[in-house]
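Student: Residues in the sequence shown are numbered consecutively from 23, following my numbering.
Glycine included, C-beta positions come from ideal geometry on N, C-alpha and C.
Computed from a predicted model, the values in this text were never measured in an experiment.
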Amino acid sequence: MSQQVQESLRLRGALFDGDERTEVGSLAELMEALQTSTAFGYLEIRDPDRLQLSELAEHLGAPELLHPPASASSGHTPMVAGAHVRLSTHRVQLEEPTFQLVVADLHIYVLPRLLILDHDGGFDFEPLRARLDTEKRHRDQGVGWLLWLVLDELLGEAGSALNALDDELDDIEDVLLTPGNKPAAIQNRVYRLRKSASRLRRCLLPLRDAVDALLRREADCVSPSLFPLFQGLYDRGVHHVEWADSLRDLVTALSDTQIAMEGNRLNVIMKKVTSWAAIIAIPAAVTGFYGQNLPYPGFNTVGGLWTSTLLMVVGCGGLYVTFKRKDWL
23 MSQQVQESLR LRGALFDGDE RTEVGSLAEL MEALQTSTAF GYLEIRDPDR
73 LQLSELAEHL GAPELLHPPA SASSGHTPMV AGAHVRLSTH RVQLEEPTFQ
123 LVVADLHIYV LPRLLILDHD GGFDFEPLRA RLDTEKRHRD QGVGWLLWLV
173 LDELLGEAGS ALNALDDELD DIEDVLLTPG NKPAAIQNRV YRLRKSASRL
223 RRCLLPLRDA VDALLRREAD CVSPSLFPLF QGLYDRGVHH VEWADSLRDL
273 VTALSDTQIA MEGNRLNVIM KKVTSWAAII AIPAAVTGFY GQNLPYPGFN
323 TVGGLWTSTL LMVVGCGGLY VTFKRKDWL
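See the structure below:
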């Protein structure tokens, strides 16, 4: 591998040999440790280009694995071929208070003693790195254990996003039934929620398919001891996808409910406006009659004044009482 490519690669990782853990800061250091010991570990590469991946694949003896790079966004099919595995997944994070979903690709390559994580650096990698370094259960299972930890962490992030969307949906339902709410603000929240739920579902599908491929194609890294753990990952993946589907359906129902409520509110407003217009028409008709310039009964007399006033009061009061009884006001 060329010296220039080695220096330009931004990588870090760790090797595990029993209870011992060793930091790795360069590719040369990693290769020397793998050749001189029985250790296994992970390598984290930040946003490599095609040339770097191609040379790295040749150096590791797995050109078909790392080149061309996987692409979760293009619907890449997981590759499981014995000791070699290539998966394309997503990391997700929900930004509050906008509830917009932030997505980053994570490409996972599995070799017999090495797990490679290729990411763009857009997410905080420290929580996942800390878990890889401190978790000790099933460490004797090698890279399969590391792969299970990574996939479990990704499902945990998706579950947190689903929980936040579910809570936001409950809050919108409460606000929707509150008198005096602002329809435009609710509509914007519903739109953002529906968009995030749909995008989250699309991000969960590659993760579910990746675990399914590991279970069905008998990857060497999934030992019999790890099989129940990966089966649990698959069950969680299916549950998360169904959860995202139900959220999309609930958001759609919420949007339909809001539209129906706005239609009902508009009907009530139109009913009241029409009723008040009918009531106001009575004084207009009476004053129009008594305002004509031709002689009429009570013309230029006090009796005419009281008669017109009485007609307006009786007419308006009668219509008001009638509309109230019919719930038109």
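#1: Look up residue 115 in the DSSP assignment and give the residues it is bridged to.
#2: What are the residues that DSSP puts in a beta bridge with residue 110?
#3: Give the DSSP-derived three-state secondary structure of residue 198 in the structure shown.
#4: Report, in whole angstroms, the separation of the C-beta atoms of residue 183 and residue 263, which I expect to be a contact under 8 Å.
#5: Relative to the C-alpha of residue 181, which candidate in 266, 145, 49 has its C-alpha closest?
#6: How would you label residue 236, buried or exposed, when you count the other beta carbons within 10 angstroms and need 16 or more for buried?
#7: Please report the distance separating the alpha-carbon of residue 248 from that of residue 280.
#8: Where does residue 213 land, buried or exposed, given buried means 16+ other C-beta within 10 angstroms?
#9: Using DSSP with H/G/I as helix, E/B as strand and the rest coil, what is residue 241?
#10: Taking only three categories from DSSP, how would you classify residue 68?
#11: First and last residue of the alpha helix (DSSP H) that includes residue 299?
#12: Here's a check: name, in chain order, each residue in its chain whose Cβ is nearer than 7 Å to the Cβ of residue 163, leaving out the five neighbours to either side.
#13: Excluding five sequence neighbours on each side, which residues of the same chain lie with their C-beta closer than 8 Å to the C-beta of residue 233?
#14: If you draw a straight line from the C-alpha of residue 324 to the C-alpha of residue 313, how long is it?
#15: For the alpha helix (DSSP H) holding residue 140, just list the boundary residues, first then last.
#16: Measuring only the C-alpha atoms, how far is residue 290 from residue 271?
#17: Check whether the Cβ atoms of residue 80 and residue 35 sit closer than 9 Å, and answer yes or no.
#18: Going by alpha carbons, who is nearest to residue 223 out of 261, 200, 211?
Tutor: On the basis of the supplied data:
#1: Note: residue 115 sits in a beta bridge opposite 124.
#2: Beta-bridge pairing links residue 110 to 129.
#3: Correct three-state label for residue 198: helix.
#4: Between residue 263 and residue 183 the Cβ distance is about 13 Å, and since that is not below 8 Å, they are no contact.
#5: It is 266 whose Cα lies nearest to the Cα of residue 181.
#6: So residue 236 counts as buried.
#7: A direct Cα-to-Cα measurement between residue 248 and residue 280 gives close to 48 Å.
#8: Residue 213 should be labelled exposed.
#9: DSSP, reduced to helix, strand and coil, places residue 241 outside both helices and strands of the structure shown, so it counts as coil.
#10: If DSSP states are grouped into helix, strand and coil, residue 68 belongs with the strands.
#11: Where residue 299 is concerned, the enclosing alpha helix (DSSP H) stretches over 249 to 312.
#12: So the list reads 245, 247, 248, once near-sequence residues are dropped.
#13: Here the set comprises 173, 252, 255, 256, 259.
#14: Looking at the backbone, the Cα of residue 324 and that of residue 313 are separated by about 14 Å.
#15: If you look at residue 140, you'll find it isn't in any alpha helix (DSSP H); it sits in the beta strand (DSSP E) that goes 136 to 141.
#16: Here the alpha carbons of residue 271 and residue 290 stand approximately 29 Å from one another.
#17: Their beta carbons are not under 9 Å apart, which means residue 80 does not touch residue 35 by this criterion.
#18: Looking at the Cα atoms, 261 is the closest of the given residues.
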